[in-house]
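S.K.: Quick one: this structure, given as structure tokens, is what I'll be asking you about.
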Amino acid sequence: MKHLITKTLSIFIFMSLIFLVNACSSEETKSENSLETNQVLKQQKQNTFEAWQSANLSTLFSKFKDQSFSYTFSKEGFKQNLANDQLKHFRFYLGVKNNQLEITVYGLTADEMKLPNPQKGKITLNSTKFENYKNISTLNFAAKLKKVTNKSAKKHILALSSAVDYIVAWENALKDLSTLESKVSYDAIRIRSFTIHKEAIEFLVNKNQSSNIELFLGLNKEFKMTTVFLESGNLDNKLSKQTNRTYALDLTTPCPNMCDKKMDDLYN
Numbered sequence: 000m001k002h003l004i005t006k007t008l009s010i011f012i013f014m015s016l017i018f019l020v021n022a023c024s025s026e027e028t029k030s031e032n033s034l035e036t037n038q039v040l041k042q043q044k045q046n047t048f049e050a051w052q053s054a055n056l057s058t059l060f061s062k063f064k065d066q067s068f069s070y071t072f073s074k075e076g077f078k079q080n081l082a083n084d085q086l087k088h089f090r091f092y093l094g095v096k097n098n099q100l101e102i103t104v105y106g107l108t109a110d111e112m113k114l115p116n117p118q119k120g121k122i123t124l125n126s127t128k129f130e131n132y133k134n135i136s137t138l139n140f141a142a143k144l145k146k147v148t149n150k151s152a153k154k155h156i157l158a159l160s161s162a163v164d165y166i167v168a169w170e171n172a173l174k175d176l177s178t179l180e181s182k183v184s185y186d187a188i189r190i191r192s193f194t195i196h197k198e199a200i201e202f203l204v205n206k207n208q209s210s211n212i213e214l215f216l217g218l219n220k221e222f223k224m225t226t227v228f229l230e231s232g233n234l235d236n237k238l239s240k241q242t243n244r245t246y247a248l249d250l251t252t253p254c255p256n257m258c259d260k261k262m263d264d265l266y267n
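Structural data, given as structure tokens:
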């Protein structure tokens with residue numbers, strides 16, 4: 000009887016060891032697979048960003064010659080990063096996938112570390128004819144600006160007339176794609192990203208006129224590609240009425256050209 004108990008106990012211990020070894024092996028395999036998956040995803044993202052540097056501009060933009068378009072970002076996506084105390088800036092990265100220009104935004108810490116929850120903009124075709132608003136008034140811009148109390152946000156607020164000019168200039172540039180290379184580049188390197196203070200995005204997020212923010216590409220006074228941020232919604236109504244609740248943002252820092260400039264120093 001004693002021998003039988005000992006034998007049974009030995010078998011139990013042996014089976015337990017086999018179970019533990021298999022469990023550990025399974026966890027190691029899962030961990031390795033997860034690591035490999037993360038590495039593949041990271042490489043795919045890197046390839047997307049690098050592809051923009053050599054992508055054919057005609058292929059990317061020819062379909063937008065006669066059509067206004069923007070990148071739609073969810074305010075909820077921004078709020079996830081705005082709730083993080085480490086957030087300092089938002090950076091919008093340009094990339095190419097399947098012959099389409101993508102823009103992905105990351106929250107950044109003061110040490111330039113990327114925060115989780117990146118958001119990719121959804122390409123949206125717009126019916127707004129910005130050319131119709133070329134003569135938009137600037138009379139109430141100074142009054143609107145006075146109402147903005149946050150200094151960091153204030154530095155990025157753009158007059159609606161300038162926002163329209165930038166967007167129209169970009170749309171016109173797309174009609175002659177042969178000249179576009181110099182407009183999207185600094186010293187033969189295409190603009191990789193645009194960075195903006197978190198307070199500026201937070202300002203638009205809190206306007207509560209829409210659940211989304213539109214990022215339009217524009218052409219600034221230096222004839223370089225830039226960004227114009229507007230709340231989603233009936234843009235024709237907002238531009239025609241020019242209400243005190245309608246704001247546009249720009250003054251993002253492009254890289255290259257301003258990669259090493261500190262945002263806080265740049266606008267002081």
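According to numbering that gives the first Met the number 0, the stretch in the sequence shown is residues 0 to 267, in order.
The C-beta atom is built at its ideal place from N, Cα and C for all residues, glycine as well.
1) Please check the pair Phe129 and Val163, which I expect to be a contact at CB under 8 Å, by giving their CB distance rounded to whole angstroms.
2) Put Thr245 into one of helix, strand or coil per three-state DSSP.
3) Short check: CB of Leu114 to CB of Asn83, under 8 Å?
4) Alpha carbon to alpha carbon, what distance is there between Asn236 and Cys254?
5) In whole angstroms, what separates the C-alpha of Thr225 from that of Leu250?
6) What are the uninterrupted segments assigned as alpha helix (DSSP H) that are 4 or more residues long and contained completely in the segment 189–226, given in chain order?
7) Note down the Cα distance separating Ile188 from Ser181, rounded to an integer number of angstroms.
8) Going by alpha carbons, who is nearest to Gly94 out of Lys223, Lys119, Trp51 and Phe63?
9) Is the number of C-beta pairs between the segment 202–211 and the segment 97–116 that are closer than 8 Å three or more?
10) For Asp65 and Thr123, what's the separation of their Cα atoms in angstroms?
11) Let me make sure I understand the geometry here. Which of Asn46, Glu111 and Phe60 has the alpha-carbon closest to that of Lys174?
12) Beta-carbon separation of Leu238 and Tyr132 under 8 Å?
13) If you check the beta carbons only, do Tyr92 and Arg191 fall under 8 Å apart?
14) For Leu176, which residues in the same chain have their Cβ closer than 7 Å to its Cβ, ignoring the five residues on either side in sequence?
15) How is Val39 classed by DSSP in three states: helix, strand or coil?
16) According to the neighbour-count rule (16 or more other Cβ atoms, all chains shown, within 10 Å of its Cβ), is Asn80 buried or exposed?
17) Between His213 and Ser67, is the Cβ-Cβ spacing less than 8 Å?
18) Could you have a look at Lys174 and say whether DSSP puts it in helix, strand or coil?
19) Leaving aside the five residues before and after Gln277 along the sequence, list all residues of the same chain whose C-beta is less than 8 Å from its C-beta, in chain order.
20) Do Lys153 and Leu159 come within 8 Å of each other at the CB atom, strictly closer than that value?
21) What's the call for Lys197, buried or exposed, on a 16-neighbour Cβ count within 10 Å?
22) Leaving out five residues before and five after Phe63 in sequence, what residues of the same chain have Cβ atoms less than 7 Å from its Cβ?
23) Of all the alpha helix (DSSP H) runs that stay within the bounds of the segment 40–104, which reach a length of 4 or more residues?
M.R.: Taking the geometry as given:
1) 5 Å
2) coil
3) yes
4) 34 Å
5) 8 Å
6) 197–204
7) 9 Å
8) Trp51
9) no
10) 14 Å
11) Phe60
12) yes
13) yes
14) Leu56, Ser57, Phe60 and Ser61
15) In this prediction, Val39 has a pLDDT of 41, which is less than 50 and means its spatial position is unreliable; what the coordinates show is noted afterwards. Helix.
16) buried
17) A quick correction: the sequence has Glu, not His, at residue 213. Contact flag unset, no.
18) coil
19) Nothing can be reported for residue 277, as the shown portion of the chain is limited to 0 through 267.
20) no
21) buried
22) Leu173
23) 56–60 and 74–81
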